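Residue numbers (this note's numbering): 810 to 1069. Beta carbons: idealized from backbone N, C-alpha and C, even for Gly. Remember, predicted model here, so these are calculated numbers, not experimental data. Below you'll find the structure, written out as structure tokens, and then a few comments.
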Ligand SMILES: [Fe+2]
């Protein structure tokens, strides 16, 4: 168990080279869900080793490294799949989808509540999930530690709007994102924002944490609000890049795409 909130235990399962799948288990009701099952066999083994079943599969978006386990896990455990309505309408979620999500939809898990936040940009169907009682934010490939997802389907305007929705969430939210990309993103942050007050100390703390724990996820949303360049497109620090925050965001995203 990596994190605990009341009767909920959260397990971070590192898969592939840098993906995270998240398993949440309620110790009282014995209900279990997975968010973004990257693989099948490794997750089946993990779930069986713990003695769990799997009631629910939640996908933040349709990309294979977030949905690859859908079909095998559903076959094995008869789990319900919840995914974004946009992705289901596009018929691009593997398995039988039981419920779909649009912006603001809430659903219950074991007496706790998830809220879907539509965050188009990386893909047009992307949703993030906030577990409201715990302020656990599952941000998929929208918001990473010090970074954000590439714009495969959305425009800078759309993504900037999505990121502002996440920025409006409580400071103490924990950001459980889809990939361990933070240290690579930190190099870019150092490149574009080396003079940002406090950045250096934050980057040092991340490097120390990675050495000690082998990971930097989750981060605190307050730290992302302060140091993630992609959340700072309307900050005076970047005013030299222009007056329109969406355009500044687009500029930063493009710089990052070409950053070696
Ligand atoms: Fe993705």
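C-alpha of residue 923 to C-alpha of residue 941: approximately 6 Å in a straight line. The DSSP-derived three-state label of residue 929 is coil. Under DSSP, residue 945 forms a beta bridge with 940 and 983. Placement of the Cβ of residue 1044 at a distance of 7 Å or more from every heavy atom of ligand 1 is found. The beta-carbon separation of residue 891 and residue 916, rounded to 7 Å, stays under the 8 Å limit for a contact.
From the listed residues 985, 934 and 939, the smallest Cα separation to residue 960 is found for 934. Listed as beta-bridge partners of residue 822 by DSSP are 830.
Here DSSP, grouped into helix, strand and coil, assigns residue 1005 to coil. Of all residues, those with a beta-carbon under 5 Å from at least one heavy atom of ligand 1 are 872 and 950, reported in chain order. In the structure shown, residue 1025 adopts coil according to DSSP, grouped into three states. In the DSSP secondary-structure assignment, residue 869 is not bridged to any residue. With at least 16 other beta carbons inside 10 angstroms of its own, residue 1065 counts as buried. In the three-state DSSP reduction, residue 991 falls in the helix class (H, G or I).
Less than 8 Å separates the beta-carbon of residue 943 from that of residue 814. DSSP, reduced to helix, strand and coil, places residue 922 within a strand of the structure shown.
About 3 Å separates the CB atoms of residue 994 and residue 956; that is less than 8 Å, so the two are in contact.
About 5 Å separates the CB atoms of residue 1068 and residue 997; that is less than 8 Å, so the two are in contact. For residue 1056, the enclosing alpha helix (DSSP H) has its first and last residue at 1054–1066. When only Cα atoms are considered, residue 870 and residue 876 end up about 8 Å apart. Note on residue 968: 16 or more other CB atoms within 10 angstroms of its CB, so buried under the neighbour-count rule. Counting only the Cα atoms, residue 885 lies some 26 Å from residue 986. For residue 848, the closest alpha carbon among the candidates 1043, 830 and 868 is that of 830. In the structure shown, residue 856 falls within a helical segment according to DSSP collapsed to helix, strand and coil.
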